[in-house]
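Q:
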Amino acid sequence: SNDMNLKDEL
Amino acid sequence: MNIFRLAGDMTHLASVLVLLLKIHTIKSCAGISLKTQELFAIVFASRYLDIFTDFISLYNTLMKLIFLGSSFSIVWYIRRHKLVRRSYDKDQDTFRHYFLLLPCFILALLINEKFTFKEVMWTFSLYLEAVAILPQLVLLQRTKNIDNLTGQYVFLLGAYRGLYILNWIYRYFTEPHYVHWIPWISGLVQTLLYADFFYYYFESWKNNKKLQLPA
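Chains as they are written, first to last, in our numbering: chain L, 1 to 10; chain D, 1001 to 1215.
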């Protein structure tokens, strides 16, 4: 999802 | 993961290693701003609240642990280690860093993608990271002799931010629905803060001279 995209970054 | 993202993370990791090398091996933190290091520790603590609740990948969890562990141990070293503490430029490192916390927090309360505790703290960490380098840049301006490790440390931090922007551009064109204004704008602000430093860093490198920032 869109949310997951964001949180895979550090 | 794309090459820019990986290179960005590796530069970030390298910056931390360079700083730890300086502190641990040379037992010196001369030219390093404790204020910036404290802000980074707060940045990671508020950003990685999901570390034990949301599993993304082993890589992700390991890197989070490294950034949390290193940032808090650097603060511990500068504050508590007998020898390292002595090398700290306390009188020069005068930036009122606590004044950055409240505006960043209020901004995170007002501008976020979702009004939940974790999301607000995550957004707060982005805003705070954007400005966390300011005490370090001010200290660099006041430092007469910037040693190589300190210069490399700040250079690597700036490079990490620049590479993250390339990563976002790459992801924007390769992934559907990849639009994230909050991290993009704060990341851009953060990177722009390094522009001046980069200019003088490359000048000193080109002319083979010692790095010095104009006051």
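Each residue gets a CB set at the ideal place from its N, CA and C atoms; glycine is no exception.
1) Determine the closest residue to M1063 of chain D out of D:D1009, D:F1052, D:Q1092, D:V1084, with distance taken between C-alpha atoms.
2) Give me the subset of the stretch 1057 to 1073 of chain D whose CB atoms are less than 9 angstroms from a CB atom of chain L, sorted by chain position.
3) Among D:F1117, D:Y1172, D:M1001, which one has its Cα closest to the Cα of L1049 of chain D?
4) Could you list which residues in chain L have their beta carbon closer than 7 angstroms to that of H1180 of chain D, in chain order?
5) For D1054 of chain D and chain L, any beta-carbon pair shorter than 8 angstroms?
6) Counting only Cβ pairs nearer than 7 angstroms, list the residues of chain L close to D1009 of chain D.
7) Within 8 angstroms (strictly less), CB to CB, does D1050 of chain D reach chain L?
8) Excluding the 5 residues flanking W1122 of chain D on each side, which residues of the same chain have their C-beta closer than 6 angstroms to its C-beta?
9) Which first and last residues belong to the alpha helix (DSSP H) in which P1135 of chain D is found?
10) Measure the C-alpha to C-alpha separation of I1078 of chain D and R1085 of chain D and round it to an integer number of angstroms.
11) Find out if the Cβ-Cβ distance for the pair L10 of chain L, F1202 of chain D is shorter than 8 angstroms.
12) Go through the stretch 1165 to 1215 of chain D residue by residue and report every complete run of the beta strand (DSSP E) that reaches 3 residues or more, in order.
13) Does the separation of the CB atoms of L1140 of chain D and I1146 of chain D fall below 8 angstroms?
14) Pick from D:P1135, D:I1056, D:F1044, D:L1188: whose alpha carbon is nearest that of Q1092 of chain D?
15) What residue range is occupied by the uninterrupted alpha helix (DSSP H) comprising H1012 of chain D?
16) Would you say S1186 of chain D and L1126 of chain D are within 8 angstroms of each other, going by their C-beta atoms?
17) I need the straight-line Cα distance from Y1160 of chain D to H1097 of chain D, nearest angstrom please.
18) Helix, strand or coil, according to DSSP, for N1112 of chain D in the structure here?
19) Ignore the nearest five residues each way along the sequence and tell me which others in I1023 of chain D's own chain have a CB closer than 7 angstroms to its CB.
20) For the putative contact between K7 of chain L and I1056 of chain D, defined by C-beta atoms under 8 angstroms, what is the C-beta separation to the nearest angstrom?
A: To lay it out plainly:
1) Selected option, being the one with the closest Cα: D:D1009.
2) S1057, N1060, M1063, K1064, F1067
3) D:F1117
4) L6
5) yes
6) L10
7) Taking Cβ atoms only, chain L reaches closer than 8 angstroms to D1050 of chain D, which makes this a yes.
8) Exclusion of the five residues before and after W1122 of chain D leaves R1047 as the residues of its chain whose Cβ lies within less than 6 angstroms of its Cβ.
9) 1134 to 1142
10) 5 angstroms
11) no
12) none
13) yes
14) D:P1135
15) 1003 to 1025
16) yes
17) 22 angstroms
18) coil
19) C1029, I1074, Y1077, V1084
20) 7 angstroms
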